[in-house]
Ligand code: BDR
Ligand code: CA
């Protein structure tokens with residue numbers, strides 16, 4: 025797979041054509057699949073910052089894990105620590121899947137660097153105000169993103185768009201209908217969806233359950249060679265083992281890189297325009313993304329682009345290529 029080229033800037037001085045990759049901030053809660061999201065974001069885009077949130081584990085650990093991945097890949101990307109709690113909901117975690125540290129299954133080196141700040145929300149606001157065409161890609165609970173949009177509503181006109189992993193146009197995973205990132209902070213998700221950002225892309229479980237990684241991807245990653253290849257292969261081995269125990273699946277869903285690919289490798293994902301609401305009150309449905317799938321001609325009656333189809337084979341290729349790029 026070769027790098028996508030999304031635009032060109034002409035350097036008038038020497039007339040060379042310079043590819044301009046999409047610029048993004050990744051807001052995440054690593055997390056096995058978030059770790060791959062960081063690598064894919066850095067390999068296929070201009071990753072200008074990583075912000076961390078509570079989610080799979082507490083924000084101290086997700087920040088540590090983001091720094092670990094960035095250091096292991098030799099990247100120079102600042103990490104800004106974010107919110108430690110949801111806006112209203114009780115704190116939850118996903119240690120059953122990701123382990124007590126959030127990155128169970130691999131021997132990881134001690135972190136040598138520190139977070140650039142403990143103000144992820146301030147970093148998002150400042151960067152989007154100063155920088156043209158920034159995408160905000162979120163792969164954890166949407167607390168930081170909602171807080172930034174609430175504090176600085178002008179961001180909705182400045183952002184190139186938001187792409188998030190969360191929700192589902194199908195079943196949930198935390199409950200029958202609620203997916204983890206939405207269940208972890210439903211109020212934040214509702215605020216983001218209602219923020220007025222003109223382009224908001226959602227990839228939910230209905231899409232990410234199509235991208236399973238298991239034995240074949242592990243073999244391909246080990247074949248890359250080097251420390252990062254071993255660590256990423258070990259991470260998938262653990263992650264796939266959990267899904268085997270939980271569901272009897274022969275692979276684990278690579279949720280979060282799909283939200284990154286939606287911006288950086290858009291030909292991999294097929295979206296449909298839909299009206300989506302977050303259920304905030306239902307006794308059995310809190311945190312559900314209610315996706316209106318009734319056929320309609322008037323596409324102005326939609327607030328999100330919802331992912332339905334994905335080229336899973338090429339998505340797996342992108343994971344391996346990202347690891348190879350930094351090995
Ligand atoms: C989402 O929840 C987390 O466990 C994963 O990292 C992903 O963002 C899937 O429901
Ligand atoms: Ca995540």
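Numbering (the working numbering), first residue to last: 25 to 351.
Cβ atoms here follow ideal geometry from the backbone N, Cα and C, with glycine treated the same way.
**Request:** Give every residue of the same chain whose Cβ lies closer than 6 Å to the Cβ of residue 332, excluding the five residues on either side of it in the sequence, and list them in chain order.
**Result:** 294 and 296
**Prompt:** Is the distance from the Cβ of residue 229 to the Cβ of residue 203 below 7 Å?
**Reply:** The answer is yes: Cβ separation under 7 Å.
**Asked** From which residue to which residue does the alpha helix (DSSP H) around residue 156 run?
**Response** First-last for residue 156: undefined, no H or E at that position.
**Request:** Would you give the residue range spanned by the alpha helix (DSSP H) that residue 289 belongs to?
**Result:** No alpha helix (DSSP H) holds residue 289; DSSP gives it neither H nor E.
**Message:** Is residue 163 near ligand 1 - that is, is its Cβ less than 6 Å away from at least one heavy atom of it?
**Reply:** Checking every heavy atom of ligand 1 against the Cβ of residue 163, one is found closer than 6 Å.
**Request:** Name the two residues that bound the continuous alpha helix (DSSP H) containing residue 321.
**Result:** Premise fails: residue 321 is in no alpha helix (DSSP H) and is neither H nor E.
**Prompt:** In this structure, does DSSP put residue 85 in helix, strand or coil?
**Reply:** helix
**Prompt:** Who does residue 52 pair with in a DSSP beta bridge?
**Reply:** 76
**Asked** What do you reckon, is the C-beta of residue 55 under 6 Å from a heavy atom of ligand 2?
**Response** Yes, the beta carbon of residue 55 sits closer than 6 Å to at least one heavy atom of ligand 2.
**Message:** I want to check one thing, is the minimum distance from the CB of residue 66 to the heavy atoms of ligand 1 below 6 Å?
**Reply:** no
**Asked** Do residue 47 and residue 209 have their CB atoms nearer than 7 Å?
**Response** no
**Message:** Please state the DSSP three-state secondary structure of residue 278.
**Reply:** coil
**Asked** Would you report the Cα separation of residue 300 and residue 169, rounded to the nearest angstrom?
**Response** 18 Å
**Request:** Could you give the DSSP three-state label for residue 344: helix, strand or coil?
**Result:** helix
**Request:** Keeping to the same chain, check which residues put their C-beta closer than 6 Å to that of residue 338; ignore five residues upstream and five downstream.
**Result:** 292
**Asked** CB-CB under 7 Å to residue 140, same chain, minus the five flanking residues each way: which ones, in chain order?
**Response** In its chain, beyond the 5 residues on either side, 102, 103 and 104 have a beta carbon closer than 7 Å to the beta carbon of residue 140.
**Message:** Helix, strand or coil for residue 253? Go by DSSP, reduced to three states.
**Reply:** It is helical.
**Asked** So, is residue 177 buried or exposed, given that buried needs 16 or more other C-beta atoms within 10 angstroms?
**Response** exposed
**Message:** Checking 7 Å against the spacing of the C-beta atoms, do residue 275 and residue 236 come in under that value?
**Reply:** It is a contact, given that the beta carbons lie within the stated cut-off.
**Request:** Report buried or exposed for residue 375, applying the criterion of at least 16 other Cβ atoms within 10 angstroms of its Cβ.
**Result:** Outside the displayed range of the chain (25 to 351) lies residue 375, so it cannot be described from this structure.
**Asked** Does the beta-carbon distance from residue 166 to residue 216 come in below 7 Å?
**Response** yes
**Message:** Tell me the rounded alpha-carbon separation between residue 344 and residue 245.
**Reply:** Answer to the nearest angstrom: the Cα atoms are 6 Å apart.
**Message:** Run through the DSSP bridge pairs and tell me what residue 215 is partnered with.
**Reply:** Paired residue(s): none; residue 215 is not in a bridge.
**Request:** From the DSSP output, in three-state form, read off residue 147 for me.
**Result:** helix
**Prompt:** How big is the Cα-Cα spacing for residue 277 and residue 243?
**Reply:** 17 Å
**Prompt:** ligand 1 heavy atoms versus the CB of residue 327: any closer than 6 Å?
**Reply:** no
**Item:** Under 7 Å between C-beta atoms of residue 227 and residue 264
**Value:** no
**DSSP three-state assignment for residue 108, whether helix, strand or coil** = coil
**Message:** Considering Cα atoms alone, identify which of 197, 319, 330 and 201 is closest to residue 267.
**Reply:** 197
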